[in-house]
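Undergrad: Our numbering numbers the first residue of the sequence shown as 50 and each following residue consecutively.
All C-beta atoms in this analysis are idealised placements derived from N, C-alpha and C, irrespective of residue type, glycine included.
Computed from a prediction, not measured in an experiment: that's the story for all the values here.
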Amino acid sequence: MQTVRYSLLIKGIVQGVGFRPYVFRLAKLLGIGGTVQNTSEGVYAEIEGEAAACDSFIDELKKHPPALAKITSIEIQKKEPRCERDFLIIESRRGVRDALISPDIGTCDACAAEIADKNNRRYRYAFTNCTNCGPRFTIIRDIPYDRKNTTMAQFIQCPECRHEYEDPYDRRFHAQPNACPVCGPRLFFYSAGELQQGDPYALFDEAIRAGRIVAVKGIGGYHLACDAKNREAVARLRKNKIRYDKPFAVMMRDLDTVRRYCHVDEVEEAVLSCSRKPIVLLRKKEDCGIAEETAPRNGRLGVMLPYTPLHLILMQNHDVLVMTSANITDRPMIYDDGEALGSLFGIADAILTHNRPIFRRMDDSVCMAVGGKVRMIRRARGYVPEPVRLRGNGSVILALGAQQKNTFCLVKGEDAFLSGHIGDLDDPDTEKCFESEIKSFMHLFDAEPDIIACDMHPDYVSTRYAERFRDKLPIFQIQHHHAHFASVLAEHQIEEKVIGLIFDGTGYGEDGTLWGGEVLWGGIGESKRIGHMLYAPLLGGEAAIREPWRMALAMMRIAWGEKAALEYFEKFGKVSSLLLAAGDRGINSPVTSSAGRLFDAVAALAGIRTHTTYEGQAAVELEQAIDESEEGSYGIDVGWEVDRMVFDWRQLIRDVVNDVRKGAGQGKIAAKFHRAVVRLLVDAASSAKRQYGSNIVVLSGGVFQNVYLLHHGLAELEKRGFDVYSNEELPANDGGISYGQAAAASRLADK
50 MQTVRYSLLI KGIVQGVGFR PYVFRLAKLL GIGGTVQNTS EGVYAEIEGE
100 AAACDSFIDE LKKHPPALAK ITSIEIQKKE PRCERDFLII ESRRGVRDAL
150 ISPDIGTCDA CAAEIADKNN RRYRYAFTNC TNCGPRFTII RDIPYDRKNT
200 TMAQFIQCPE CRHEYEDPYD RRFHAQPNAC PVCGPRLFFY SAGELQQGDP
250 YALFDEAIRA GRIVAVKGIG GYHLACDAKN REAVARLRKN KIRYDKPFAV
300 MMRDLDTVRR YCHVDEVEEA VLSCSRKPIV LLRKKEDCGI AEETAPRNGR
350 LGVMLPYTPL HLILMQNHDV LVMTSANITD RPMIYDDGEA LGSLFGIADA
400 ILTHNRPIFR RMDDSVCMAV GGKVRMIRRA RGYVPEPVRL RGNGSVILAL
450 GAQQKNTFCL VKGEDAFLSG HIGDLDDPDT EKCFESEIKS FMHLFDAEPD
500 IIACDMHPDY VSTRYAERFR DKLPIFQIQH HHAHFASVLA EHQIEEKVIG
550 LIFDGTGYGE DGTLWGGEVL WGGIGESKRI GHMLYAPLLG GEAAIREPWR
600 MALAMMRIAW GEKAALEYFE KFGKVSSLLL AAGDRGINSP VTSSAGRLFD
650 AVAALAGIRT HTTYEGQAAV ELEQAIDESE EGSYGIDVGW EVDRMVFDWR
700 QLIRDVVNDV RKGAGQGKIA AKFHRAVVRL LVDAASSAKR QYGSNIVVLS
750 GGVFQNVYLL HHGLAELEKR GFDVYSNEEL PANDGGISYG QAAAASRLAD
800 K
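(1) Could you round the C-beta distance between isoleucine 551 and glutamate 567 to whole angstroms and report it? I think they count as a contact, below 8 Å.
(2) For alanine 725, I'd like the list of residues in its chain whose CB is within less than 7 Å of its CB, leaving aside the five on either flank, ordered along the chain.
(3) Since glutamine 526 sits in a beta bridge, which residues does DSSP pair it with?
(4) On the three-state DSSP scale, how would you describe threonine 177?
(5) Between the Cα of threonine 357 and those of Glu99, Lys422, Tyr788, Ile268, spot the shortest distance and give me the residue it belongs to.
(6) So what does DSSP say about glycine 716, is it helix, strand or coil?
(7) Restricting to Cα atoms, I'd like to know which of Leu331, Leu493, Asn168, Ala448 is closest to arginine 409.
(8) Have a look at the DSSP bridge pairing and note the partners of cysteine 275.
(9) Have a look at valine 369 and methionine 300 and give me their C-alpha separation to the nearest angstrom.
(10) Comparing C-alpha positions only, which one of Arg173, Arg211, Arg74, Tyr788 sits nearest to alanine 502?
(11) Please report the residue range of the beta strand (DSSP E) in which tryptophan 689 lies.
(12) Going by Cα to Cα distance, which pick from Arg211, Asp219, Asp216, Ala162 is closest to cysteine 229?
(13) With DSSP run on the structure shown, which of helix, strand or coil describes asparagine 347?
(14) Put aspartate 697 into one of helix, strand or coil per three-state DSSP.
(15) Is the stretch 621-630 touching the stretch 713-724, taking contact as three or more C-beta pairs under 8 Å?
(16) Let me know if glutamate 124 comes out buried or exposed under the rule of 16 or more other beta-carbons within 10 Å of its beta-carbon.
(17) What separation, rounded to the nearest whole angstrom, lies between the Cα atoms of alanine 674 and alanine 719?
(18) Out of Ser392, Val265, Tyr432, which one is the CA nearest neighbour of arginine 325?
(19) Within a Cβ cutoff of 6 Å, which residues of the same chain sit near leucine 797, ignoring the five residues on either side of it in sequence?
(20) How would you call leucine 137, buried or exposed, if buried means at least 16 neighbouring beta carbons within 10 angstroms?
(21) Quick one: what's got a C-beta closer than 7 Å to arginine 658's C-beta in the same chain, skipping five residues either side?
(22) Is cysteine 458 closer than 8 Å to alanine 451 when the C-beta atoms are compared?
(23) Taking a contact to mean a Cβ-Cβ separation below 8 Å, would you say isoleucine 150 touches proline 434 in this structure?
(24) Do you know how far the Cα of leucine 588 is from the Cα of serine 625?
(25) For proline 327, write down the residues that DSSP places opposite it in a beta bridge.
(26) Could you spell out the range, first to last residue, of the alpha helix (DSSP H) harbouring lysine 77?
(27) Counting only the same chain and skipping the five closest in sequence on each side, list residues whose C-beta sits under 7 Å from that of alanine 340.
(28) Do you know offhand how far glutamate 591's Cα is from glycine 183's?
(29) Alpha carbon to alpha carbon, what distance is there between proline 115 and lysine 197?
(30) Output the boundary residues of the alpha helix (DSSP H) element that contains alanine 791.
(31) What's the C-alpha gap between lysine 577 and lysine 612?
(32) Could you tell me how far apart the beta carbons of isoleucine 500 and isoleucine 446 are, in whole angstroms, since I believe they sit closer than 8 Å?
(33) Would you kindly report the start and end of the unbroken beta strand (DSSP E) that includes glycine 762?
(34) How big is the Cα-Cα spacing for threonine 156 and alanine 118?
(35) Using CA atoms only, rank isn't needed, just tell me which of Asp495, Pro498, Val460, Tyr514 is closest to glutamate 480.
(36) How close, in whole Å, do the beta carbons of glutamine 206 and cysteine 179 come, if the pair is a contact with beta carbons under 8 Å?
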């Protein structure tokens, strides 16, 4: 029999997922000698044995890797045999950093069973994990992914844990966070600023039952927990957190509990239960017993299942808890223990914490299921830093994202590493986090950018950050809506020119106005604007976003004249006339073509929401008001001005006001409005197809987080023969902008 030897460099997510023990066991099974080790590039192995056995080894590696591994490439080279019969796992090797890092992984079934087993040494141990689950990205300081490079380095393993760690046949073999009650992290419970004696779990249960708020340290930061069925507790949490209306996420004990409180389909159940454990937006059942204050005026709940052993233990005596990020509204989530103990007692009554440090803040991911597919709303824990592919890229690109819902994107070759959710860069602490994470990513992935991409808006923090590279690197300023457009094209690897319907709040346009209801024609690198909403002024600037009645006032004046507009909003007195006068003089009244602002205006006209306390609230509540049993639709006219479509909403505004005056309910107005926007999508796409010939339509922008609009828009466009694509792996909102910027810059740089 011929003896051969090969070297294999395996790249992808192959560290922290049980890859080396898998390779070890496979080699032993096939009678192969050699070695395997972690390197900064991935996993490196040398195998030696009979040719057929080595071929089987490679074939099995490709077809059946460990469940959590993602192999992106295997580089195979032939070597001279060394008569090596034994197979060993050897010490990690440093070098050029090219290894991919695993996201944090929800607790596996085997670990869950251990913490529920009274006879197991890890019974009710909050830090149980193995190579199939547990913290990864939030504890890693450097690569390769070895214990000494994580925040677990300070915990010296006891003999039993060390035996597991060193046994290639144990599922905890080289599980870097491996620990037990003897040698691992511990829980601590503080109340009124003082450390409490006793069982932390019992103290937590007692506090929750008493209606108290408890800050709980998780994998990527602290949550604020309270009984989701206790109206007083939830209302007090809102007051303390200064978060008046925006829905809170909840954690439910298990899938049976979810089914009791929410409507849930197969796709939603699958994503709830997967190892990533995101928050999933589900339809709430009527009179289910969850406090209305948890998600005021909203028929949906953001639901997640327990994803750490600590959560599993805490949820044993509670079926549903509010579990929202521990911060004051619009500030970053707290993850540092010193900051938590120093500031959270202003919000929470107690703190349940532990002494395993969090190296990197990471929010919970949020998604929804529409059209049988999972759509990301916030991509963070469980997904980051798993790369998204950017086909054809050969540069190192740093794309800096938008001002709101910021993420940045560091692209190295065809791997696009998006950061977790950073947040709104208006806040100084969030800006610091933004800068710190950029440095961290550049270090971890050994990537110094040779291209910078940013938004066109001159006042964005991310744009100003790009200026630091002026005269050093090429900077590509990518128009906001083109970045949305490119994010879908690159995600779905669409190379041809297509139609883009990009609807969002506002983004800086090429002409200096604020765009937001756009039709684009083009490809990943470049596009041109071929249609937009009729312009209207933002009366008072950004204040019009927080006070939708101002948008309604402006649009009603355009649609029906000043007298009618002032009469309709007479309750606001002289403020209305002053705003219109300022608009006439161009004072703090930039014009916008925003689709999002049209939603705001209709919500205000219908009496649903005149002032907001969080971004998109008026549009969210307008969608929630839809009564699908009501018939009829408004219309938005599509006209052509020279070479550009203009979506004229004036008759729609007049029809809404007429319906209000006739006493039509909010549910009817909301239904007719949403049907009008769906019709607009079809009409705009059909007009663009006649002009440009493409049968492919792309939908992106924050407006397409509207479940009704996306579901019916996809269905109606497909019914008319269009091939329709929208964001799936990436958020349609500004959280996906950085990837689109990177994709566009990659193509422009190649010109």
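TA: So, from the data block:
(1) 5 Å
(2) Ser682, Tyr683, Gly684, Ile685, Leu701
(3) Cys503
(4) coil
(5) Ile268
(6) helix
(7) Leu493
(8) Val371
(9) 6 Å
(10) Tyr788
(11) 686-690
(12) Arg211
(13) coil
(14) strand
(15) no
(16) exposed
(17) 6 Å
(18) Tyr432
(19) Phe525, Gly574
(20) exposed
(21) Pro597, Ala652, Gln666, Ala667, Glu670
(22) no
(23) yes
(24) 9 Å
(25) DSSP output for proline 327 lists no bridge partner at all.
(26) 68-79
(27) Ala277, Lys278, Asn279, Arg280, Val283
(28) 42 Å
(29) 24 Å
(30) 786-798
(31) 38 Å
(32) 5 Å
(33) Careful: glycine 762 lies outside any beta strand (DSSP E), inside the alpha helix (DSSP H) at 756-768.
(34) 16 Å
(35) Tyr514
(36) Contact doesn't hold; Cβ gap of about 14 Å is too wide.
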